[in-house]
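Per the numbering used here, the sequence shown starts with residue 139, numbered consecutively.
No residue lacks a Cβ here, since even glycine has one placed at the ideal position from N, Cα and C.
A quick note: this is a predicted structure, and the numbers were derived from the prediction, not measured.
Here's the structure we're looking at; comments come further down.
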Amino acid sequence: MADHDVKELTTDDAPIKAPGLEGVIALESALSDIDGQNGQLIYRGYDINDLAEGACFEEVVYLLANGKLPTQSELEGLRQELRSERALPAPVLDFLRNVPDDAHPMAVLQTAVSALGQYDDEANLMAEAANRRKAVRILSQIPTLIASFDRLRKGLDPVSPLDHGSMAHNFLYMLNGEEPG
């Protein structure tokens with residue numbers, strides 16, 4: 139497709155391929171590709187099934203952010219960054235404690251993620267490095283949000299995140315209060 143100003147695109151400029159989505163323009167992405175005919179979802183050139191079988195969450199995060207799978211050193215660096223940002227600001231945890239019992243979990247997650255931004259010292263910084271650090275913080279804190287909310291809904295106290303282990307290991311620990319075997 140030729141270069142266009144997105145504001146000037148019309149349905150004549152780009153093919154529309156999905157009945158029921160008439161008037162929706164889909165542009166190419168380097169992040170993912172969907173081949174509905176063959177049932178494939180591709181992330182940065184890798185079939186999602188291959189990633190699910192052979193890569194951990196942190197490796198996929200690195201792949202999506204950097205366009206390549208990490209070396210062992212790069213993976214450990216990302217893991218350390220993620221581990222260091224797991225804790226929630228106290229006011230966000232207080233919010234979770236005060237959510238009505240019948241609140242929809244997705245609405246709670248949406249509001250809590252928005253609230254995280256209010257307690258981020260770099261919220262107003264827009265440099266690429268600051269945006270990357272903010273992304274790492276949010277990625278690190280979402281499992282803590284979900285596990286804390288789940289436990290509170292069950293009448294249990296939230297479990298503080300560990301300073302070791304993978305995202306999956308830590309998430310299971312915070313949900314159950316015991317380190318996974």
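By DSSP's criteria, I172 is part of a beta bridge. Which residues make up the other side?
Bridge partners of I172: L179.
Given this structure, state the Cα-to-Cα distance separating H242 from T249, to the nearest angstrom.
Distance between the alpha carbons of H242 and T249 is about 11 Å.
Just the C-alpha distance for P318 and D239, rounded to the nearest angstrom, thanks.
Going by the C-alpha atoms only, they are around 28 Å apart.
Classify N176 as buried or exposed, calling it buried when 16 or more other Cβ atoms lie within 10 Å of its own Cβ.
Per the 10 Å Cβ criterion, exposed.
Would you call M305 buried or exposed, if buried means 16 or more other Cβ atoms sit within 10 Å of its Cβ?
It is buried - the Cβ of M305 has at least 16 other Cβ atoms within 10 Å.
Ordered along the chain, which non-local residues of its own chain (more than five positions away) have a Cβ less than 7 Å from that of Q256?
Exclusion of the five residues before and after Q256 leaves no residue of its chain whose Cβ lies closer than 7 Å to its Cβ.
How big is the Cα-Cα spacing for A168 and D232?
For A168 and D232, the distance between alpha carbons rounds to 39 Å.
I want to know whether the segment 279 to 288 touches the segment 199 to 212 - three or more CB-CB distances under 8 Å.
No, they do not touch.
Please list, in chain order, all residues of the same chain as K272 whose beta carbon is under 7 Å from its beta carbon, the five residues on each side excluded.
If you ignore the 5 residues before and after K272, its C-beta comes within less than 7 Å of the C-beta of D258, E260, all in its own chain and listed in chain order.
Stretch pair the segment 179 to 199 + the segment 213 to 223: three plus CB contacts closer than 8 Å
The segment 179 to 199 makes contact with the segment 213 to 223: 3 or more CB pairs, one atom from each, lie closer than 8 Å.
Tell me the DSSP secondary structure of D258 in three-state form.
It is coil, neither helix nor strand.
Within the continuous alpha helix (DSSP H) that includes Y308, where are the two ends?
Checking the displayed sequence, the identity of residue 308 turns out to be Asn instead of Tyr. Segment 305 to 314, the alpha helix (DSSP H) holding N308.
Counting only runs that start and end within the segment 216 to 301, where is the alpha helix (DSSP H) found for 4 or more residues in a row?
Whole alpha helix (DSSP H) segments, 4+ residues: 228 to 235, 243 to 256, 266 to 291.
For M264 versus S286, is the C-beta distance shorter than 9 Å?
It is not a contact, given that the beta carbons lie outside the stated cut-off.
Return the CA-CA distance between I154 and R270, expressed in angstroms with no decimal places.
Confidence is the limiting factor: at I154 the pLDDT is only 48, short of 50, which leaves the residue's position unreliable, though a coordinate-based value still follows. Using only the alpha carbons, I get a separation of about 33 Å.
Cutoff 6 Å; reference V237; Cβ partners in own chain excluding five residues on either side:
These residues qualify, in order along the chain: V246.
Could you give the residue range of the alpha helix (DSSP H) that holds L201?
That run of the alpha helix (DSSP H) goes 195 to 204.
Step through the CB atoms of chain B and report whether any lies within less than 9 Å of the CB of R182.
The structure shown contains no chain B; it is built from a single protein chain.
Take the Cβ of P296 as the centre, count every other Cβ of all protein chains shown within 10 Å, and call the residue buried at 16 or more, exposed below.
Buried, because 16 or more other Cβ atoms sit within 10 Å of the Cβ of P296.
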